[in-house]
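Participant: Here it is: the structure, laid out below.
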Amino acid sequence: MQRTYSHWSAAVSTLALALPLMAATRPHYGGTLRVQVRESVETADPPQSGRGMADLGDAFTISRWEAGRIAVYSANEAAAGGRPYLDSIEVQMGRSLREQSIDFELGKADVVEAGPNDSRRAANGRKIWSSAPVRLIALVVGPRVADERVREALALAVDRSAIHAVLLQRQGEITGALLPQWISGYAFLFPSAPDLSRARSLVSAAGPAARTLSLGYEDPALRPIAERIALNARDAGLAMTATASGSPDVMLVDRRIEFEEPPRALAAVAAALGLPEPARAETAEGLLAAERGLLAGFRVIPLFHLPDVYAAGARVKGGPGITPLGAWRFGGLWLEGNRP
Amino acid sequence: MTLRTRLLLMFAVVVAATVASVEVLVARTTRNAFERLENQRVEALVAQFRQEFARRGGAIARSVNSIAASDAATNIALAPDPAANYGQAAALASAQGMDLLELVAGDGTIISSAEWPARFGYKEDWLAGTTGWKSRGAFLRREELPDGVVLALAAVGETRAGDRSLYVAGGQRLDSAFLASLVLPAGMRVLLYRNLEPRVSAGGLIGAQGAVPDASDFLPLIEAVRANPRETTATIGSGTAAEVFHAIPLSGSADNVLGILLVGSSRRELVELEAFLRYMSVVLAGGGILLGIVLAWWATARVTRPVQALAVSAGKVAAGNWDTTVEVASKDEIGQLAAAFNRMTRELAAQRERLVQAERVAAWRELARRLAHELKNPLFPLQITVENMQRAREQYPQQFDEVFREGTATLIAELGNLKQIIARFSDFAKMPAPEMQPVDLNQLVDETVKLFEPQFAQAGINGRTDLDPALPRVSADPEQMARVLRNLVLNAIDAMPGGGQLTIRTRAEDGRVRLEVSDTGQGLTTEECERLFTPYYTTKTHGSGLGLAIVQSVISDHRGRISVESQPGKGATFRIELAGEVSR
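So the sequence lines, in the order shown, correspond to chains A and B. Going by this note's numbering, the first residue of the first sequence is number 1, and it counts up by one from there. Going by this note's numbering, the first residue of the second sequence is number 341, and it counts up by one from there.
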């Protein structure tokens, strides 16, 4: 519970950092907030659920929708909490982190998703909005890897600390559990430290054919992590290669935790990872046992819990624009000055 | 084989051997010149490679040292959190145009790696542990990358900031692009074997175009250089595809062989030149042989024509034409030989003339003797009868009529004998020309034997025939041949007064027909054999001595030959050979 407290305190302190900036300007109406995201929604209609654009539904109404490209939301004059300050929000979809970063630096975007290295951008009035760790980065081992020793060896080979320190720039938290510490309170009970010698002994006991694995990743942003995991796996004696194509043996995935209530969150995560539905539990102990049951076969190897991180430009005022769970709350934002 | 043929062959062999010797000499000279040229080209290429190697090594060392001396490197060395510089190596490598760059902390921990970003935090013990690289500038290094092991030309620089240090290890891959950058003369190529695996593998060999299709052909050479790291030469391929490869081992910082440079020079031009020379030599040899044959024909004709004329003349002499002479066309050895030949034939002709004269005299003497002998026998009774008639006329006139009657009868009888003797001599002198027709000698033999059977029985002779059923017919006068047979049979009967065996044998041999009449009589001496066919010669107490002479005359008229084989006490065999002109 110590860790949970520390993360809550970090979130609170992040919000507190933004307060002086909020106080430095007066709210006013007008302007279009330019937002860029990696997600590319290809449906015919705008999303009505989930995080992101679906969160704009109360204060804004969709006025333009080009699937996968752009969505424009206009201020809802009859919003329950009153008309938002912004006239509209323009969301560009399918923008890579690199493109978002460049557009942000050039002033072509007001709010972008921030990668691990973007935390240093909180300068010159720019802001970083960070949620609580609401995304699970995990390895999902496919059915072709039938030998449990190989799966366990892979779990023991991954040096999460190095990845967390370098590739994630210490964002989020290392984990061996499905639910983050701030939700479950027992995540620290799941081991996450590497044990290379045991991993090697498990691999040596497995057959040579089982030692060759391919590792895929859903998002190109996950590629450095995948390559590092492949390198760790090699140290354990597994011939693992990271690949962006084909149908790999192991997949590095990024899943969002949609609920704060632990049982509901666990069930949703398990469903998102293709795990069986966990046993219903009324107590923390029961939930812990259910989660242990889900992870027992090493079909899913949790690695990190990461927050949603956004960078907001200097002219964006009234933030933070996201909730601790990462939901967009752009109704209270306004834009300062003219566009650069 | 004639002298001319032998001379021709000798000429041809000499010409062919000369052309072949010249061809071998030219080919060897050409090959040596080619190999000298090729060695020069290879040496130039190797020098170029070493120069390029040194140039690139210098460029890499300068780039690495430039990074190590930069503010960026100092900042990375001083940074409290190395994780913040995770992506620096890629940016610096890109700026310096290097394939490989690693930023390594003083303790050997990788801070940032351009070639393998995921290796941050791993150790590069060779940097912190040894300092041999410092004195070497650029050197070959085995680099492990995510997609395999590569051979690299690397250099290391060091940044010192207070008590902290940072190693900058950068380099470039030695790959197909590097080989493609080498400027090669036509007909040459450079391959590089990256000796990075424990065992030799074809995949380690690359050329300017990437993988080498015929890499397995090079493995023995590579294996040899690996086992004994020194420059080695070998020929790869055959025919126009053959190439001579010089393998040069490339050592790393630990003096281990990390690469083998294979400089190849195509032998296509040499092989094609050799083939052209071979073709030309065959053409020249053929032309030379033909020319040699013509010249030899002309030259040998000059030499052998007199010899050939001598041979023809000698043949004529052997055939009995002893008047033959040859033209003496020169005064050299051949001319002297011709003159000697002419002298020899003149001597032979003179000797023959003298021999003929002597034989003629001897024949006349024999004839006179025989005539005297033959005529003496009837003349003596004539003389006695006439003398009796004269005595009876003078002393016994009363008995004269009776004596006259008896005497005239005797005279008539003896005169008849004289006429008969004269008729026989006349017959011999007037032997008619044979009337040729196909004659079956076997049938003639059977008829003759049947004719003489009573006489055989009376004389106690066993008459036997041994006839060849495949005997062809001969062209002969049947009457004269029957007479020949009868004479020989009679001769044999006379030779066996006490009985014996008479055998008549026929055989076909080499297109000729042989007829033999053998007896088991008392036989003949060598002298008798020699004179047996002389007219009026006889070994018997009776007979004219013309029988065998007539036989020889008939056989001669049939263009045949008769001979006798005999030894005293062992009988005699008369052998007649005739041309078998008519098939059976």
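Ideal Cβ placement from N, Cα and C applies to all residues, glycine included.
I want to see whether chain B comes within less than 8 Å of residue 22 (chain A), judged by CB atoms only; does it?
Facilitator: Counting from one through the first sequence, the residue named residue 22 (chain A) turns up at place 22. Confidence is the limiting factor: at residue 22 (chain A) the pLDDT is only 45, short of 50, which leaves the residue's position unreliable, though a coordinate-based value still follows. By this cut-off, residue 22 (chain A) is not an interface position.
Participant: Taking only beta-carbon atoms, is residue 291 (chain A) less than 8 Å away from chain B?
Facilitator: Position 291 of the first sequence, counted from the start, is the residue given in the question as residue 291 (chain A). With 8 Å as the cut-off, residue 291 (chain A) does not count as an interface residue toward chain B.
Participant: Which residues in the same chain have their Cβ closer than 7 Å to the Cβ of residue 447 (chain B), if we skip the five residues on either side of it in sequence?
Facilitator: Counted from its first residue, the second sequence places residue 447 (chain B) at position 107. Cβ neighbours of residue 447 (chain B) beyond the five flanking positions: 468.
Participant: Reducing DSSP to helix, strand and coil, say where residue 507 (chain B) ends up.
Facilitator: Locating residue 507 (chain B) in the second sequence gives position 167, counting from the first residue. Residue 507 (chain B) falls in the strand class under three-state DSSP.
Participant: Once the 5 residues before and after residue 581 (chain B) are set aside, which same chain residues still bring their CB inside 6 Å of it?
Facilitator: Indexing the second sequence from 1 puts residue 581 (chain B) at position 241. There are no such residues.
Participant: Here's the rule I'm using: 16 or more other beta-carbon atoms within 10 Å means buried, otherwise exposed. How should residue 720 (chain B) be labelled?
Facilitator: On the second sequence, residue 720 (chain B) is found 380 positions in, with the first residue counted as 1. The residue is exposed, with fewer than 16 neighbouring Cβ atoms inside 10 Å.
Participant: Report the three-state DSSP secondary structure of residue 259 (chain A) (helix, strand or coil).
Facilitator: By one-based count along the first sequence, residue 259 (chain A) stands at place 259. The answer is coil: DSSP assigns residue 259 (chain A) none of H, G, I, E or B.
Participant: So, for residue 418 (chain B): in the same chain, excluding its five sequence neighbours on each side, which residues have a beta-carbon less than 7 Å away from its beta-carbon?
Facilitator: Here residue 418 (chain B) is taken as the residue at index 78 of the second sequence, counted from 1. 501, 504, listed in sequence order.
Participant: So is residue 426 (chain B) in contact with chain A if we call contact Cβ pairs under 8 Å?
Facilitator: Position 86 of the second sequence, counting from 1, holds the residue named residue 426 (chain B). Chain A contact via Cβ: present.
Participant: Out of curiosity, what's the CA-to-CA distance linking residue 511 (chain B) and residue 618 (chain B)?
Facilitator: Along the second sequence, read from residue 1 onward, the residue named residue 511 (chain B) stands at position 171. Along the second sequence, read from residue 1 onward, the residue named residue 618 (chain B) stands at position 278. In a straight line, the C-alpha of residue 511 (chain B) is about 52 Å away from that of residue 618 (chain B).
Participant: Using a threshold of 8 Å, state whether the C-beta atoms of residue 316 (chain A) and residue 33 (chain A) are closer than that.
Facilitator: Residue 316 (chain A) sits at position 316 when you count from the first residue of the first sequence. Residue 33 (chain A) sits at position 33 when you count from the first residue of the first sequence. Yes. Within cutoff.
Participant: Excluding sequence positions up to five away, which residues of its chain have a Cβ less than 6 Å from the Cβ of residue 191 (chain A)?
Facilitator: Locating residue 191 (chain A) in the first sequence gives position 191, counting from the first residue. Closer than 6 Å at the Cβ level, and outside the excluded window around residue 191 (chain A), lie 176.
Participant: Report yes if the C-beta distance between residue 186 (chain A) and residue 289 (chain A) is below 8 Å; otherwise report no.
Facilitator: Taking the first sequence and counting its residues from 1, the one referred to as residue 186 (chain A) is at position 186. Taking the first sequence and counting its residues from 1, the one referred to as residue 289 (chain A) is at position 289. Not closer than 8 Å, so no.
Participant: Could you give the C-beta distance for residue 868 (chain B) and residue 879 (chain B), rounded to a whole number, given that I count them as a contact under 8 Å?
Facilitator: On the second sequence, residue 868 (chain B) is found 528 positions in, with the first residue counted as 1. On the second sequence, residue 879 (chain B) is found 539 positions in, with the first residue counted as 1. That belief holds up - the Cβ atoms of residue 868 (chain B) and residue 879 (chain B) are roughly 6 Å apart, short of 8 Å.
Participant: Between the Cα of residue 652 (chain B) and the Cα atoms of B:667, B:569, B:564, which residue gives the shortest distance?
Facilitator: Here the question's residue 652 (chain B) lines up with position 312 in the second sequence. Here the closest residue by C-alpha is B:667.
Participant: Assuming residue 836 (chain B) contacts residue 865 (chain B) under a Cβ cut-off of 8 Å, what Cβ separation, rounded to an integer in Å, is found between them?
Facilitator: Locating residue 836 (chain B) in the second sequence gives position 496, counting from the first residue. Locating residue 865 (chain B) in the second sequence gives position 525, counting from the first residue. Residue 836 (chain B) to residue 865 (chain B), Cβ: 17 Å. No contact.
Participant: Interface residues of chain B around residue 400 (chain A) at Cβ under 9 Å?
Facilitator: The first residue shown for chain A is 1 and the last is 340, placing residue 400 (chain A) beyond what the model contains.
Participant: I think residue 455 (chain B) touches residue 485 (chain B), with their Cβ atoms under 8 Å apart; what is that distance to the nearest whole Å?
Facilitator: The residue you call residue 455 (chain B) lines up with position 115 of the second sequence. The residue you call residue 485 (chain B) lines up with position 145 of the second sequence. Going by Cβ atoms, the distance from residue 455 (chain B) to residue 485 (chain B) rounds to 6 Å, so yes, they are a contact pair.
Participant: Under 9 Å Cβ-Cβ, which residues of chain A neighbour residue 429 (chain B)?
Facilitator: Position 89 of the second sequence holds residue 429 (chain B). Near residue 429 (chain B) there are no residues of chain A at all, since even the closest Cβ is about 12 Å away, more than 9 Å.
Participant: Any C-beta of chain B sitting closer than 8 Å to the C-beta of residue 165 (chain A)?
Facilitator: As a first step, residue 165 (chain A) is located in the first sequence; it is residue number 165 there, counting from the start. So, interface residue.
Participant: Could you pull the DSSP bridge partners for residue 74 (chain A) from this structure?
Facilitator: Position 74 of the first sequence, counted from the first residue, corresponds to residue 74 (chain A). In DSSP, residue 74 (chain A) forms a bridge with A:61, A:88.
Participant: From residue 432 (chain B) to residue 150 (chain A), what distance separates their C-alpha atoms?
Facilitator: Stepping through the second sequence from its first residue, residue 432 (chain B) is reached at position 92. Stepping through the first sequence from its first residue, residue 150 (chain A) is reached at position 150. Whole-angstrom Cα-Cα distance: 38 Å.
Participant: Just confirm the distance between the C-beta atoms of residue 228 (chain A) and residue 156 (chain A), as a whole number of angstroms; I'd bet it's less than 8 Å.
Facilitator: Taking the first residue of the first sequence as position 1, residue 228 (chain A) is located at position 228. Taking the first residue of the first sequence as position 1, residue 156 (chain A) is located at position 156. With 8 Å as the limit, residue 228 (chain A) and residue 156 (chain A) do not qualify as a contact, their Cβ atoms being about 15 Å apart.
Participant: Applying the 10 Å Cβ sphere with the 16-neighbour rule, what's the burial state of residue 724 (chain B)?
Facilitator: As a position in the second sequence, residue 724 (chain B) is number 384, starting the count at 1. Per the 10 Å Cβ criterion, exposed.
Participant: Does residue 539 (chain B) have its Cβ less than 8 Å from a Cβ in chain A?
Facilitator: Position 199 of the second sequence, counted from the first residue, corresponds to residue 539 (chain B). Chain A contact via Cβ: absent.
Participant: Quick one: what's got a C-beta closer than 6 Å to residue 845 (chain B)'s C-beta in the same chain, skipping five residues either side?
Facilitator: In the second sequence, counting from the first residue as 1, residue 845 (chain B) sits at position 505. Hits under 6 Å: 806, 856.
Participant: Quick one: give me the first and last residue of the beta strand (DSSP E) that residue 212 (chain A) is part of.
Facilitator: In the first sequence, the residue the question calls residue 212 (chain A) occupies position 212. Segment 212-217, the beta strand (DSSP E) holding residue 212 (chain A).
Participant: When burial is assigned at 16 or more other CB atoms within 10 Å of the CB, is residue 713 (chain B) buried or exposed?
Facilitator: Numbered from its first residue, the second sequence carries residue 713 (chain B) at position 373. The residue in question, residue 713 (chain B), is exposed, as its Cβ has fewer than 16 Cβ neighbours within 10 Å.
Participant: Measuring straight from C-alpha to C-alpha, what distance separates residue 287 (chain A) and residue 171 (chain A)?
Facilitator: Counting from 1 along the first sequence, the entry for residue 287 (chain A) is found at position 287. Counting from 1 along the first sequence, the entry for residue 171 (chain A) is found at position 171. Those two C-alpha atoms are separated by around 26 Å.
Participant: Determine the closest residue to residue 138 (chain A) out of A:325, A:100, A:180, with distance taken between C-alpha atoms.
Facilitator: What you label residue 138 (chain A) is simply residue 138 of the first sequence in a count that begins at 1. Checking every option, the nearest Cα to that of residue 138 (chain A) belongs to A:180.
Participant: Does residue 886 (chain B) come out as helix, strand or coil in the three-state DSSP assignment?
Facilitator: As a first step, residue 886 (chain B) is located in the second sequence; it is residue number 546 there, counting from the start. Of the three classes helix, strand and coil, the one that applies to residue 886 (chain B) here is coil, per DSSP.
Participant: For the region 430-498 of chain B, which segments carrying the alpha helix (DSSP H) assignment without a break, of at least 4 residues, lie completely within its bounds, in sequence order?
Facilitator: Segments of the alpha helix (DSSP H) lying fully in the region 430-498 of chain B: 465-469.
Participant: List the residues of chain B that residue 228 (chain A) touches, going by C-beta distances under 7 Å, in chain order.
Facilitator: Locating residue 228 (chain A) in the first sequence gives position 228, counting from the first residue. What residue 228 (chain A) touches in chain B: 458.
Participant: Whose C-beta lies closer than 7 Å to the C-beta of residue 789 (chain B) among residues of the same chain, with five residues either side of it excluded?
Facilitator: Locating residue 789 (chain B) in the second sequence gives position 449, counting from the first residue. So the list reads 803, 805, 844, once near-sequence residues are dropped.
Participant: Helix, strand or coil for residue 291 (chain A), going by three-state DSSP, please let me know.
Facilitator: On the first sequence, position 291 is the one that residue 291 (chain A) refers to. Residue 291 (chain A) falls in the helix class under three-state DSSP.
Participant: I need the DSSP call for residue 904 (chain B), collapsed to helix, strand or coil.
Facilitator: In the second sequence, counting from the first residue as 1, residue 904 (chain B) sits at position 564. Strand, per DSSP.
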